[in-house]
Amino acid sequence: MQITDCFLTNPNARPGKTIRPKGVVIHWTANKSSGANAMANRNYFNKPTTIASAHYIVDDRQIIRCLPENEMAYHVGAKSYKQDALNRLSSYPNNCTIGIEMCVNADGRFSEVYRKTVELASHILKQYGWGVDRLWRHFDVTGKNCPAFFVTNQEALACFGVTAVMAWENFKKDVQRLLTDDSLVREDALPRCAIQIELPATGALHEGVAYLPLRAVAEGAGGKVEWDPLTKGVKVNGREVTAHNVNGISYTPARELAEALDLQATWDAESKTVILHGNGKRN
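Numbering (the UniProt record's numbering), first residue to last: 1 to 283.
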């Protein structure tokens, strides 16, 4: 994971106050315009008239660090705060949180923004010895609809094909998966190449959840599919999964099947495609 330091010089966005972080707050830029990438948002923060900032901004190509983690950013200020934030953070959460902005520019690949943010969040949590309970949505602190794809179902369904609650839980699961995966500690130890497998099969959408043809996807990804005569259930790599039979073909929720295959599932809303990513456990 590469991080590019491009520190702010605008004193209205960088007050220079030292903080002791207690958690990480996830945001979205809410700017879907083409070109509204990480550098564009960083440059916006650096305008003399801007009184807002974040420690990190993530787009599909890079992670920009705008401020050191031990400096205050103006990313989660409000007139009032939720009680849990007051109890666990402080009366002014800017003075104890690290802010991450996720870009949603139309000319970027959001699946890559998501992947990079998962890696960054995991890196920060691991650095401080924290668990995923230290992850916050902006919404959790102030009630603001941010990041909208983790708060409102309409945005979540468009981005991930699931509800907002499920999308946020899945994000934390993906971060947790990296936290406990020691094989990712040295990601540059060996040269890597990407592998893309296209299958002659299509999935289905039902009530906001993407379903995949179980056997075609599992075996295509090198998994083992078994029928358990005792439970009359289907297992993938020894893990029982939900299976719905449609015209003789078993379909399984994409996220559930991905977990059984030690993969991560992301949703490309534009092409209505489920993308399965390796998480470092498979060769």
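Don't be surprised by glycine CBs; every beta carbon is placed ideally from N, CA and C. In this text the structure is predicted, and so the values were computed from the model without any measurement.
Apart from sequence neighbours up to five positions away, the residues of its chain that approach E256 with a beta-carbon distance below 7 Å are V241, T242, ordered along the chain. Distance from the Cα of R14 is smallest, within the candidate group C66, S33, T163, for C66. Burial of P253 is indicated by the presence of at least 16 other C-beta atoms within 10 angstroms of its C-beta. Taken through DSSP and simplified to helix, strand or coil, D5 comes out as strand. Straight across, the Cα-Cα distance linking A221 with I98 is about 37 Å.
Looking only at V24, Y251, K232, the smallest Cα-Cα distance to T117 is reached by V24.
About 6 Å separates the beta carbons of A121 and L135, which is inside the 8 Å limit, making them a contact pair. Rounded to whole angstroms, the Cβ separation of L199 and A218 is 10 Å, and the two are not in contact under 8 Å. M102 counts as buried, since at least 16 other C-beta atoms from the protein chains shown sit within 10 angstroms of its C-beta. A check of alpha carbon separations from R20 across V209, D262, N94, Q83 identifies N94 as the nearest. Each residue's CA atom was taken as its position, placing G131 and Q176 some 8 Å apart. For I275, the closest alpha carbon among the candidates V104, F45, F110, M39 is that of F110.
Secondary structure note for K235: its beta strand (DSSP E) is the uninterrupted segment 233 to 236. Of E119, R115, V209, the smallest CA-CA separation from Q154 is found for V209. Under the criterion of beta carbons closer than 8 Å, D107 and S53 do not qualify as touching, at roughly 24 Å. When DSSP states are grouped into helix, strand and coil, G77 belongs to the coil group. Distance from the CA of H27 to the CA of W227, rounded to the nearest whole angstrom, comes to 43 Å.
As summarised for the stretch 87 to 124, the continuous beta strand (DSSP E) elements at least 3 residues long and confined to that stretch are 97 to 102, given in chain order.
Checking the DSSP bridge columns, you'll see L214 has no partner listed. Annotated three-state conformation of R137 is strand, per DSSP. Excluding residues up to 5 positions away in sequence, Q264, A265, L276 lie with their Cβ nearer than 7 Å to the Cβ of A258 in the same chain. Under DSSP, L263 shares a beta bridge with G278. According to the DSSP assignment, V151 belongs to no beta strand (DSSP E), since it is labelled neither H nor E. Per DSSP, E169 lies in no beta strand (DSSP E); the unbroken alpha helix (DSSP H) holding it starts and ends at 164 to 179.
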